[in-house]
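The structure under discussion appears below in the form of structure tokens.
There are 2 protein chains.
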Amino acid sequence: MKWKRSERLVDMTQHLLDHPHRLIPLTYFASLYDSAKSSISEDLTIVSETLEARGKGHLLTVPGAAGGVKYIPKLHETEIRAITDELKERMSQSDRLLPGGYLYMTDLLGDPDLMNRIGKVFATVYANQKIDAIMTVATKGIPIAHAIARHLNVPVIVVRRDSKVTEGPTVSINYVSGSARRIQTMVLSKRSMEKGKRVLLTDDFMKVGGTMNGMKSLLAEFDGELAGVAVLIEAEHTAEVLVQDYVSLLKLKQVDERNGSIVLEEGNYFQKGGTQS
Amino acid sequence: MKWKRSERLVDMTQHLLDHPHRLIPLTYFASLYDSAKSSISEDLTIVSETLEARGKGHLLTVPGAAGGVKYIPKLHETEIRAITDELKERMSQSDRLLPGGYLYMTDLLGDPDLMNRIGKVFATVYANQKIDAIMTVATKGIPIAHAIARHLNVPVIVVRRDSKVTEGPTVSINYVSGSARRIQTMVLSKRSMEKGKRVLLTDDFMKVGGTMNGMKSLLAEFDGELAGVAVLIEAEHTAEVLVQDYVSLLKLKQVDERNGSIVLEEGNYFQKGGTQS
Numbered sequence: 001m002k003w004k005r006s007e008r009l010v011d012m013t014q015h016l017l018d019h020p021h022r023l024i025p026l027t028y029f030a031s032l033y034d035s036a037k038s039s040i041s042e043d044l045t046i047v048s049e050t051l052e053a054r055g056k057g058h059l060l061t062v063p064g065a066a067g068g069v070k071y072i073p074k075l076h077e078t079e080i081r082a083i084t085d086e087l088k089e090r091m092s093q094s095d096r097l098l099p100g101g102y103l104y105m106t107d108l109l110g111d112p113d114l115m116n117r118i119g120k121v122f123a124t125v126y127a128n129q130k131i132d133a134i135m136t137v138a139t140k141g142i143p144i145a146h147a148i149a150r151h152l153n154v155p156v157i158v159v160r161r162d163s164k165v166t167e168g169p170t171v172s173i174n175y176v177s178g179s180a181r182r183i184q185t186m187v188l189s190k191r192s193m194e195k196g197k198r199v200l201l202t203d204d205f206m207k208v209g210g211t212m213n214g215m216k217s218l219l220a221e222f223d224g225e226l227a228g229v230a231v232l233i234e235a236e237h238t239a240e241v242l243v244q245d246y247v248s249l250l251k252l253k254q255v256d257e258r259n260g261s262i263v264l265e266e267g268n269y270f271q272k273g274g275t276q277s
Numbered sequence: 001m002k003w004k005r006s007e008r009l010v011d012m013t014q015h016l017l018d019h020p021h022r023l024i025p026l027t028y029f030a031s032l033y034d035s036a037k038s039s040i041s042e043d044l045t046i047v048s049e050t051l052e053a054r055g056k057g058h059l060l061t062v063p064g065a066a067g068g069v070k071y072i073p074k075l076h077e078t079e080i081r082a083i084t085d086e087l088k089e090r091m092s093q094s095d096r097l098l099p100g101g102y103l104y105m106t107d108l109l110g111d112p113d114l115m116n117r118i119g120k121v122f123a124t125v126y127a128n129q130k131i132d133a134i135m136t137v138a139t140k141g142i143p144i145a146h147a148i149a150r151h152l153n154v155p156v157i158v159v160r161r162d163s164k165v166t167e168g169p170t171v172s173i174n175y176v177s178g179s180a181r182r183i184q185t186m187v188l189s190k191r192s193m194e195k196g197k198r199v200l201l202t203d204d205f206m207k208v209g210g211t212m213n214g215m216k217s218l219l220a221e222f223d224g225e226l227a228g229v230a231v232l233i234e235a236e237h238t239a240e241v242l243v244q245d246y247v248s249l250l251k252l253k254q255v256d257e258r259n260g261s262i263v264l265e266e267g268n269y270f271q272k273g274g275t276q277s
């Protein structure tokens, strides 16, 4: 059956968007739609230009025999700003304040649409970098890690506080939690990561960066390389941050338990001028 | 700027697929593309027919002033079979066997593309049911819960083994873990769920169903209603399963530590004849 251009465009769009950062040979589309490669190329130009015009990313064409096309999700700066503004507004609600000055954000981490959009933001930031995996600590970072990983087409590695029988042999390290200066343990299943990978660390919240620093030590045990650190919210504090080159969307300036105020401002993403390259 | 049909089709497809199970008024597209509603309707027919022909779901048209169009992800039976077969093949690798007969599956749960496809499978199964939220237990069920939730456009609720300061007030219950018959505790943040919700439970693995039964008890504390139980893999055993109406993709028949064999067969999804309605 020969497909009409209109049908090809719909199907190509769904297929490409469902497989971000994956090389799809032109022959895949040509044989699926029983169409000439020249028609497919024209279709792909329409798809790419439309996605780009709407700020959803673009198609990267890889020439040659082993070539093809790859969808690179990349949000416009305006959309990144809109997502961050929404996150800031929702995080500023005073009923999020918990005893001790902690902020409740479990509902946000359980919102798959918000997580999807935040995943796209960080996939935009690291779109041009080599990333082999996303690493996070159980449990709150998991939805963010998966959202980023989905848009970068890489696996998620989950570090735990304790080892479990279902994880097999593990590597464990001790680290100093930044703010409380307590010794803590982190455990990673040996088979969850090969040696020498380039890894992006992520978490929902970062204070001094003790947890991130712990993950860095763990990464070193696997001869891994740090590709970057992506956090939703960093907290302001006087101590020096233990990790460099992190990207945050929001910064928590101040929490006042008495009058229930939460003061947030934009994170360093906006100072850094966006995309890391 | 007036959009061409080809551009509208690409953009509509990306927008609809990015917002599953969400009602989008026709006026949204009409004003975005500066096009007549009649043209938009024709476009939507092309999108819906193409998605359906490719086994990716369809568009549901809701008539009336408050109407619009909704993308309902629904995989073809052949694709559900292909995903299950892939999962079965990967799960059968003998190096997954851990001491005690446990199976290593952390890598699969960290594969965002596989999780995405499994999410679509369960979103297909429960496409016609009223589901208000997906509930799972930390930590291994989280990627599955988020994948399903994303395709059904509902929030994820994560039950924990212990309470944390960042969760606020919690409700806790005790339950009997099915196989070991140990008393265990489950904790849920009070503000993570409103009363009276219809909830789908999910997890990666189910033996007798003790954990699921625990979540059922917790759900009862929130006057919630059980919408169903979705598990990747159920294990065969002699005891009676503690939950009814579960859907599994695979069944673990036998594990032999000595010769390293893992015997899996299809889960009850294939006996039930698919979609729950």
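Residue numbers (full-length UniProt numbering), protein chains in the order written: chain A, 1 to 277; chain B, 1 to 277.
Heads up, the beta-carbon is just placed ideally off N, CA and C, and yes, glycines get one too.
Check                                                                                                                          : Outcome
Which of helix, strand or coil DSSP assigns to B:Pro143                                                                        : helix
Chain-order list of residues whose beta-carbon lies under 8 Å from that of A:Thr202 (same chain, five-residue window excluded) : Phe122, Ile134, Met135, Thr136, Gly141, Ile144, Ala145, Ile148, Val229, Ala230, Val231
Contact set between A:Asp34 and chain B, taken where Cβ atoms lie within less than 9 Å                                         : Correct list: empty, because the minimum Cβ distance to chain B is about 14 Å.
Chain B contacts made by the segment 209-228 of chain A, where a contact means CB separation under 9 Å                         : none
9 Å Cβ cut-off: residues of chain A touching B:Arg191                                                                          : Asp95, Tyr104, Thr106, Asp107
Backbone secondary structure at B:Leu242 - three-state DSSP                                                                    : coil
A:Val208, DSSP secondary structure in three states                                                                             : coil
Supposed contact pair B:Leu32 and B:Gly68 - C-beta distance, whole angstroms, cut 8 Å                                          : Their Cβ separation, rounded to whole angstroms, is 13 Å, which puts B:Gly68 and B:Leu32 out of contact at 8 Å.
Among B:Met115, B:Ala36, B:Ile72, B:Leu114, nearest to B:Leu152 - alpha-carbon criterion                                       : B:Ile72
is_contact[B:Pro112, chain A] using C-beta, thresh 8 Å                                                                         : yes
Residue span of the beta strand (DSSP E) that contains A:Val121, given as start and end                                        : Run containing A:Val121: none in the beta strand (DSSP E); it sits in the alpha helix (DSSP H), 112-125.
Beta-carbon separation (whole angstroms), A:Tyr246 vs A:Asn213, contact threshold 8 Å                                          : About 11 Å; that fails the 8 Å criterion.
Bridge-paired residues (DSSP) for B:Gln184                                                                                     : B:Tyr175
B:Gln271 in three-state terms, based on DSSP                                                                                   : helix
For A:Tyr102, three-class secondary structure by DSSP                                                                          : strand
Simplified DSSP assignment, three categories, for B:His58                                                                      : strand
8 Å Cβ cutoff, A:Val10 in contact with chain B                                                                                 : yes
Classification of A:Gly260 by the beta-carbon crowding that lies within 10 angstroms, buried from 16 upward                    : exposed
Beta-carbon gap between B:Leu252 and B:Leu87 smaller than 8 Å                                                                  : no
Any C-beta of chain B under 8 Å from that of A:Met115                                                                          : yes
The segment 16-44 of chain B: positions lying closer than 7 Å to chain A by Cβ                                                 : Leu17
Close-in-space but distant-in-sequence residues of the same chain around A:Glu221 (CB under 7 Å, 5 per side omitted)           : Val171, Ile173
DSSP three-state assignment for B:Lys130, whether helix, strand or coil                                                        : coil
C-alpha gap between B:Val46 and B:Tyr269, whole angstroms                                                                      : According to the sequence shown, residue 46 of chain B is Ile rather than Val. Approximately 31 Å, taken between the alpha carbons.
Nonlocal neighbours in the same chain, by C-beta distance under 7 Å from A:Pro169, ignoring five residues either side          : Lys190
Boundaries of the alpha helix (DSSP H) in which residue 278 of chain B is found, first to last residue                         : Any property of residue 278 of chain B remains undetermined from this structure, which presents chain B solely from 1 to 277.
CB contact below 8 Å: A:Ala149 versus chain B                                                                                  : yes
Contacts of A:Val165 in chain B (Cβ-Cβ under 9 Å)                                                                              : Leu98, Pro99, Gly100, Tyr102
Interface residues of chain B facing A:Thr170 [CB-CB closer than 9 Å]                                                          : Within chain B, no residue comes near A:Thr170; the closest Cβ sits about 11 Å away, beyond 9 Å.
Own chain, CB closer than 6 Å to B:Lys120, minus 5 neighbours either side, in chain order                                      : Pro73, Leu75, His151
B:Glu266: first and last residue of the uninterrupted beta strand (DSSP E) it sits in                                          : 261-266
Neighbourhood of B:Ala138 by C-beta, 6 Å cutoff - its chain only, sequence neighbours within 5 removed                         : Val158, Arg160
Cα-Cα separation between B:Glu257 and B:Ala180, rounded to whole angstroms                                                     : 20 Å
Chain B contact for A:Val199 (CB, 8 Å cutoff)                                                                                  : no
B:Val241: CB within 7 Å of a non-hydrogen atom of the ligand GTP                                                               : As for the ligand GTP, it is missing from this structure, which has no ligand bound.
CB-CB length for B:Leu264 against A:Ser6, believed under 8 Å                                                                   : With 8 Å as the limit, B:Leu264 and A:Ser6 do not qualify as a contact, their Cβ atoms being about 42 Å apart.
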